[in-house]
Each structure stands twice: as structure tokens, then as C-alpha cells.
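Protein sequences, first through last, are from chains G and E.
Start counting the first sequence at 634; every next residue gets the next number (this note's numbering).
Start counting the second sequence at 123; every next residue gets the next number (this note's numbering).
Have a look at the structure below, then the notes.
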Amino acid sequence: NAGVMQNPRHLVRRRGQEARLRCSPMKGHSHVYWYRQLPEEGLKFMVYLQKENIIDESGMPKERFSAEFPKEGPSILRIQQVVRGDSAAYFCASSVGQGAYFGPGTRLTVT
Amino acid sequence: DQQVKQNSPSLSVQEGRISILNCDYTNSMFDYFLWYKKYPAEGPTFLISISSIKDKNEDGRFTVFLNKSAKHLSLHIVPSQPGDSAVYFCAASGGNYGGSQGNLIFGKGTKLSVKP
Chain G
634 NAGVMQNPRH LVRRRGQEAR LRCSPMKGHS HVYWYRQLPE EGLKFMVYLQ KENIIDESGM
694 PKERFSAEFP KEGPSILRIQ QVVRGDSAAY FCASSVGQGA YFGPGTRLTV T
Chain E
123 DQQVKQNSPS LSVQEGRISI LNCDYTNSMF DYFLWYKKYP AEGPTFLISI SSIKDKNEDG
183 RFTVFLNKSA KHLSLHIVPS QPGDSAVYFC AASGGNYGGS QGNLIFGKGT KLSVKP
């Protein structure tokens, strides 16, 4: 039973490029969350999605960031026109009830 | 404004002794609390949780205590082992979104070092 999968594990982008981070939830899980961990910080909630719906995006920056969880395929966190401050570890989690199970994260480095 | 606070960034204990990690919260709507353990370059791993209707939950060497009136919870690890060395995150949730726990609010973490 595979856990939450994220790819790529490491992503390097130049300023101004786009970053796409993918998350495949655990089998049977229909709820996906994205979190960001900046250096020396805890995990900060970004967005909560169910299939084809955004339930809570209160943690998403207003510009350049978007997320989707289509009917088929993984959830995608998209960051347009990346800046150095976007460098962080991005974690996806999935759940079907209480508690959330995290993927290994994608470490984004913006040069 | 931080709703979940872990005021000790680090803790060092001797192998075999008790580790106590503390967490405070401000939002009285939180009704579910979790502890996660995180190793470098890995995602957080769920450790133990507690519902607000309980004041204690135990799982092997790990026990979580909840004091609702003080808005405080703690994780006890007894006996501590070197393999327990990791960053521990406290998380809280309030509200239920269609059967799921909703988003989790995390503290900044406490780095535990267990010395042999």
C-alpha cells in the first residue's frame, strides 16, 4: 500500500520560471492538503482540496500560486514566476478521516 | 498570530529518561490534536493524537496529555531512545469538513536530541 507520493523530490527553478509540484494521495484518500515549510519555521497550511474542489485556500498567497485536484491524476501545486522567497519544502498530505499522512516533500530552490 | 506554540525550539535528554515536549494553543475551537515526528529530508510522520473529549492517550512509549482549561498539551516519551531524535511538531484542528479533519495548524517544532 503506497503512501503519499510527491514528485519531484527536488526542483530547481530560476527566478521568473514556473514550478509544478505533484502529489498522489494514498489509495482511497479523497482529501489533499498542501503545506509549506520555510527554513527554521513550522509547517504552514496552504490549501485543502477534494476531488475537483477547493475547500479551503486561506493559506495560499493571493498571487502566483494555484492548486488543483482533478478527477483523474495527481494534485498539482503551481507557482508562477517564482521568486527566491518561494524556496522551501512543500509537503502534501492526504486523509480520509482523522489525521493526515504526509508525503516526503518537494524541496524547491529558486536561484 | 500563532495559534499553536511550541516554545522550546530544542530539548536534550539522556537515553532511558523521560522526554516531555510541550505545546500551547490559543483557539478554543480546536478539538483534535496530533503529534508528528520529522526526520531531515522526510515528510512528517503521524505519531499520536488526542480528541478534546479525552485528557490522555497512550500508545506504547508515547503518551499525550491534554489540559483543556490551560490550552496545553504535552507529549511524553518513556523511555527515550536515540532513534527518537527528530523534530516533533504539535498540530491542532478545529471543525470538520465533510468527514475529514480539515486543515491542521502546526507549531514550529521542537528538536529532540536523545544522547546515548
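For glycine and all other residues, C-beta sits at the position ideal for the given N, C-alpha and C.
Nonlocal neighbours in the same chain, by C-beta distance under 6 Å from residue i, ignoring five residues either side
| i | result |
| --- | --- |
| Thr148 (chain E) | Gln125 |
| Leu654 (chain G) | Leu710, Tyr723, Thr739 |
| Val209 (chain E) | Lys160, Gly231, Lys233 |
| Thr744 (chain G) | Arg647 |
| Asp181 (chain E) | Ile170 |
| Leu676 (chain G) | Tyr668, Gln670 |
DSSP three-state assignment for residue i, whether helix, strand or coil
| i | result |
| --- | --- |
| Asp206 (chain E) | helix |
| Asp689 (chain G) | strand |
| Asp153 (chain E) | coil |
| Arg139 (chain E) | coil |
| Asp719 (chain G) | helix |
| Glu696 (chain G) | coil |
| Ile170 (chain E) | strand |
| Ile175 (chain E) | coil |
| Leu682 (chain G) | strand |
| Ser235 (chain E) | strand |
| Asn144 (chain E) | strand |
| Ser191 (chain E) | coil |
| Ser134 (chain E) | strand |
From the options, residue whose alpha carbon lies closest to that of residue i
| i | options | result |
| --- | --- | --- |
| Val716 (chain G) | G:Pro737, G:Arg642, G:Phe698 | G:Phe698 |
| Trp157 (chain E) | E:Ala163, E:Leu169, E:Glu164 | E:Leu169 |
| Met693 (chain G) | G:Trp667, G:Gln639, G:Met679, G:Glu674 | G:Met679 |
| Leu226 (chain E) | E:Val186, E:Gly182, E:Met151 | E:Met151 |
| Gly649 (chain G) | G:Ser708, G:Lys695, G:Gln714 | G:Gln714 |
| Gly205 (chain E) | E:Pro162, E:Ala192, E:Asn144 | E:Pro162 |
| Val186 (chain E) | E:Pro166, E:Ile142, E:Thr167, E:Gly138 | E:Ile142 |
| Gly736 (chain G) | E:Ala192, E:Thr167, E:Ser202 | E:Thr167 |
Residues that DSSP places opposite residue i in a beta bridge
| i | result |
| --- | --- |
| Leu654 (chain G) | G:Leu710 |
| Tyr734 (chain G) | G:Ser727 |
| Ala213 (chain E) | E:Leu156, E:Phe228 |
| Glu701 (chain G) | G:Ile709 |
| Val743 (chain G) | G:Arg646 |
| Thr185 (chain E) | E:Glu180, E:His198 |
| His581 (chain G) | Outside the displayed span of chain G (634 to 744) sits residue 581 (chain G), for which this structure offers no information. |
| Leu671 (chain G) | Answer by DSSP bridge pairing: none, since Leu671 (chain G) is not bridged. |
| Val637 (chain G) | In DSSP, Val637 (chain G) forms no bridge with anything. |
Residues of its chain near residue i, where Cβ-Cβ distance is below 7 Å and the 5 sequence neighbours each way are ignored
| i | result |
| --- | --- |
| Ala721 (chain G) | Arg669, Gln670, Leu671, Leu741 |
| Ile688 (chain G) | Tyr681, Leu682 |
| Gln136 (chain E) | Lys237 |
| Val645 (chain G) | Thr742, Thr744 |
| Val200 (chain E) | Ile140, Arg183 |
| Ser207 (chain E) | Leu234, Ser235, Val236 |
Cβ-based neighbour list, residue i, same chain, cut-off 8 Å, excluding 5 preceding and 5 following
| i | result |
| --- | --- |
| Tyr734 (chain G) | Gly636, Val637, Met659, His662, Ala726, Ser727, Ser728 |
| Ala213 (chain E) | Val126, Phe155, Leu156, Trp157, Tyr158, Leu226, Ile227, Phe228, Gly229 |
| Ser174 (chain E) | Phe152, Asp153, Tyr154, Phe155, Leu188, Lys190 |
| Pro131 (chain E) | Lys230, Gly231, Thr232, Lys233 |
| Ala700 (chain G) | Trp667, Met679, Val680, Leu682, Ile687, Glu690, Met693, Ser708, Ile709, Leu710, Arg711 |
Where the stretch 183-208 of chain E meets chain G: residues whose CB sits under 8 Å from a CB there: Those would be none; no residue qualifies.
Selection of the stretch 717-743 of chain G by Cβ proximity to chain E, strictly under 9 Å: If the cut-off is 9 Å between Cβ atoms, the stretch 717-743 of chain G has Ala722, Phe724, Cys725, Ala726, Ser728, Val729, Gly730, Gln731, Gly732, Ala733, Tyr734, Phe735, Gly736, Pro737, Gly738, Arg740 near chain E.
Selection of the stretch 657-676 of chain G by Cβ proximity to chain E, strictly under 7 Å: For the stretch 657-676 of chain G, the set of residues with a beta-carbon nearer than 7 Å to any beta-carbon of chain E comprises His664, Tyr666, Glu674, Gly675, Leu676, in chain order.
Selection of the stretch 698-711 of chain G by Cβ proximity to chain E, strictly under 8 Å: Taking a C-beta cut-off of 8 Å against chain E, none of the residues of the stretch 698-711 of chain G qualify.
Residues of the stretch 145-176 of chain E with Cβ closer than 9 Å to any Cβ of chain G, in chain order: Contact residues of the stretch 145-176 of chain E toward chain G are Tyr154, Leu156, Tyr158, Lys160, Ala163, Glu164, Gly165, Pro166, Thr167, Phe168, Ser171, Ser173 (C-beta to C-beta distance below 9 Å).
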